[in-house]
Amino acid sequence: MADARSRDMHNQDAMLFSNPLAPARGSGKGDHADLLADLYPATESRRTGRLRVGGPHVLHWEESGNPEGIPVLFVHGGPGAGTAPFCRRYFDPTRYRIILLDQRGAGRSRPFAELTDNTTADLIADLEILRVHLEVNQWLIFGGSWGSTLALAYGEAHPERCLGFILRGIFLFRAFEVDWFLRGMGRFFPEAAEAFMDHLPPEERDDPLEAYYHRLVHPDPTIHLPAARVWSAYEDACARLRPRPADEGDGRAALALARLECHYMRNHGFLREGQLLENIDRIAALPCTIVQGRYDVVCPPVSAWDLHRAWPGSRLIFVPDAGHSALEPGVRTALVQATRTFADRMG
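Quick note on numbering: full-length UniProt numbering labels position 123 of the sequence shown as 123, and the sequence is numbered without any gaps.
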């Protein structure tokens, strides 16, 4: 359920590895700008900072765009994915104050891939700490995949701080959605599922979540890095309608994604079953646009449908020729149009 992750933790450009939100290469700069021509032009961050929150965690944040514009928070996926420069490009930098945050254990936040004090409640609290730190009264919440989960959970906890929502690739962290990730995606990508299971001995394949968890938290890199690569490759293979060339990538970047996803799945997202739909009345008066790839195998479209049905007044856009990735052309276009429409509505 990833949206972006750092490929080189020493490179502030945060190139991306096997990632449902990653472009084929690069982030929309230089020679690759034409790949993302339907997004807004690449911009540099105006401000960056480090924010100390609970436990051992220090979070990386950045701001770009118009300091007097509409505040928007980009909520990345995973968990564990982190942000990258292209994440700014869904928003008109003349109209939006664009805020990015690497969640606990992700991207340029430290400690890297850390599970201590890493729960949904912790992440919700972090968003509030950041909002207060940046002196934002209300903001638009933009999130996809796990980012849609956290966006909804945050909004339901702090509805008075939200201007509205633009959500993509809906994941409500219900039990069947986790089971689908572990077992169901193989119905469409059997070769990827076979490689995912082949990493485990036969006697552990009945409970792949537990088997991968013990490998991913193992202190020995010769154990946790191969497991992370296999987990991430499985997700990446299932994320796009049109596949891109395989990329072995950086195992360390894969580790945050795989370890944190596994940790959250093992704990049911730190949410009650059905919690996000049960509490939707808390934000039902706010505007919401939902963008969903019709052939999203990672986050089944039924979750977007269920959210739309529970949220009167929400707008659901099924993109007919797209899978999970937020960088597939139809999804890109729909997200950019959604941010433009929201800005127009705000005047």
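Backbone N, C-alpha and C define an ideal beta-carbon position, used for all residues, glycine too.
Among the options, nearest to residue i - alpha-carbon criterion
i	options	result
proline 159	Asp38, Leu307, Leu286 and Arg332	Leu286
glycine 80	Ala284, Leu260 and Pro190	Leu260
phenylalanine 142	Glu235, Ala153 and His263	Ala153
alanine 239	Met197, Leu327 and Gly69	Leu327
valine 217	Ala42, Pro329, Phe270 and His263	His263
glycine 78	Gly269, Thr339 and Ala304	Gly269
leucine 255	Phe74, Thr222, Leu276 and Pro93	Thr222
alanine 233	His224, Gly107, Phe196 and Met346	Phe196
residue 348	Cys299, Ser303 and Leu271	For residue 348 there is no data in the structure shown, the boundaries of the chain being 1 and 347.
glycine 82	Met1, Ala211 and Glu68	Met1
tryptophan 311	Arg282, Trp146, His224 and Leu225	Arg282
arginine 108	Arg52, His199 and Trp139	Arg52
threonine 289	Cys162, Ala334 and Trp146	Ala334
phenylalanine 112	Pro56, Arg187, Phe74 and Gln337	Pro56
arginine 205	Arg183, Thr116 and Leu163	Arg183
glycine 144	Asp207, Phe74, Tyr295 and Pro201	Phe74
For residue j and residue i, the rounded distance between their alpha carbons
i	j	result
proline 85	glycine 54	26 Å
valine 45	threonine 341	Checking the sequence shown, residue 45 turns out to be serine, not valine. Taking the straight line from one Cα to the other gives about 24 Å.
alanine 192	glutamate 203	20 Å
arginine 25	cysteine 87	Here arginine 25 scores only 34 on pLDDT, less than 50, and its place in the model is too uncertain to base an answer on.
isoleucine 166	tyrosine 96	14 Å
asparagine 118	glycine 105	8 Å
serine 64	isoleucine 98	5 Å
aspartate 344	valine 72	14 Å
leucine 277	tryptophan 305	12 Å
glycine 347	phenylalanine 171	31 Å
threonine 94	valine 136	18 Å
phenylalanine 176	glutamate 68	43 Å
threonine 149	arginine 161	17 Å
leucine 140	alanine 121	20 Å
Outcome for residue i when other beta-carbon atoms lying within 10 angstroms are tallied against a minimum of 16
i	result
glycine 313	exposed
asparagine 279	buried
valine 58	exposed
aspartate 31	At aspartate 31 the pLDDT is 38, less than 50, meaning the model places this residue with poor confidence and gives no usable figure here.
alanine 37	exposed
proline 41	exposed
Pair within 8 Å by beta-carbon distance, residue i and residue j
i	j	result
leucine 209	arginine 266	yes
phenylalanine 189	valine 319	no
leucine 130	glutamine 103	no
histidine 324	glycine 169	yes
arginine 229	glycine 251	yes
glutamate 62	threonine 43	no
Bridge partner(s) assigned by DSSP for residue i
i	result
threonine 48	Glu62
glycine 293	Val319
tyrosine 96	Ile70
leucine 140	Val72 and Gly164
cysteine 288	Phe165
glycine 101	The sequence given here places leucine at residue 101; glycine does not occur at that position. Trp61, per the DSSP bridge assignment.
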